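Under UniProt numbering, the letters of the sequence shown match residues 1 to 167, in that order. Ideal Cβ positions, reconstructed from N, Cα and C, are used throughout, including at glycine. In this text, all values refer to a predicted model and were calculated from it rather than measured experimentally.
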Amino acid sequence: MSSLIYLQGYPESLLSQVRTLIEQQRLAEVIHQRYPSAHGITSDKALYDYALDIKNQALRNAPPLNKVIYDSKIKVMKHALGLHTAISRVQGGKLKAKAEIRVATIFRQAPEAFLRMIVVHELAHIKEKDHNKAFYQLCCHMEPQYHQLEFDTRLWLTAQALEGHAG
Numbered sequence: 001m002s003s004l005i006y007l008q009g010y011p012e013s014l015l016s017q018v019r020t021l022i023e024q025q026r027l028a029e030v031i032h033q034r035y036p037s038a039h040g041i042t043s044d045k046a047l048y049d050y051a052l053d054i055k056n057q058a059l060r061n062a063p064p065l066n067k068v069i070y071d072s073k074i075k076v077m078k079h080a081l082g083l084h085t086a087i088s089r090v091q092g093g094k095l096k097a098k099a100e101i102r103v104a105t106i107f108r109q110a111p112e113a114f115l116r117m118i119v120v121h122e123l124a125h126i127k128e129k130d131h132n133k134a135f136y137q138l139c140c141h142m143e144p145q146y147h148q149l150e151f152d153t154r155l156w157l158t159a160q161a162l163e164g165h166a167g
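Rendered as structure tokens:
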């Protein structure tokens with residue numbers, strides 16, 4: 001079923017439950033009941049402060065964040081949900097890495113828990129480049145409900161796509 005593109009890799013038993021909710025036209029309602037309101041973090045400055053706060057709580061010794069922004073050029077299906085980049089520049093006689101996080105603009109209207117999951121995911125890439133066991137352990141260290149939030153975010157994206165809002 002093409003409407004489940006955000007849920008690829010999940011067990012058939014879960015996908016079957018999602019299909020039932022879609023057929024009953026209840027998916028958006030179920031998500032809204034669990035996550036009733038969007039966050040108020042709409043500016044790039046507020047997003048930077050939000051990400052910096054999470055980083056300072058969980059990754060104090062990690063390299064500094066240089067930029068955290070919403071990026072309208074990120075297409076959710078092509079680039080996942082956000083991007084983390086380390087841009088290297090020569091400054092004086094030293095090579096400096098600048099850590100940047102970009103979050104898809106669709107998350108401006110998302111519940112705060114989903115934004116948190118995206119930011120945690122991208123922050124984890126500062127220390128762990130690959131999606132391996134250590135990476136997911138770090139995600140769970142920063143957000144104990146990480147895996148549930150990732151699944152619920154994918155449900156939300158599915159509902160958004162069905163309503164014609166996801167990109």
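Check                                                                                                       : Outcome
Sequence-distant residues of the same chain with beta carbon closer than 7 Å to P11, five excluded per side : none
In DSSP terms, what residue 168 is bridged to                                                               : The structure shown does not extend to residue 168, since the chain is modelled only from 1 to 167, so the question has no answer here.
Three-state secondary structure (DSSP) of Q145                                                              : coil
Neighbourhood of T153 by C-beta, 6 Å cutoff - its chain only, sequence neighbours within 5 removed          : F114, M117
Simplified DSSP state of R60, which is helix, strand or coil                                                : coil
Inter-residue Cα distance where the pair is T20 and F107                                                    : 26 Å
Simplified DSSP assignment, three categories, for Y10                                                       : coil
Of the residues N66, H125, I126, the one placed nearest residue 176, counting alpha carbons only            : Given a span of 1 to 167 for the chain in the structure shown, any question on residue 176 remains unanswerable.
Three-way DSSP call (helix, strand, coil) for Q25 in this model                                             : coil
Cβ neighbour criterion (16 or more within 10 Å) applied to K129                                             : exposed
Simplified DSSP state of S43, which is helix, strand or coil                                                : coil
Three or more C-beta pairs below 8 Å linking the region 119-139 and the region 46-59                        : yes
Cβ-Cβ distance between P111 and Y6 below 7 Å                                                                : no
Nearest-angstrom Cβ-Cβ length linking D71 and V30, presumed shorter than 8 Å                                : Their Cβ separation, rounded to whole angstroms, is 29 Å, which puts D71 and V30 out of contact at 8 Å.
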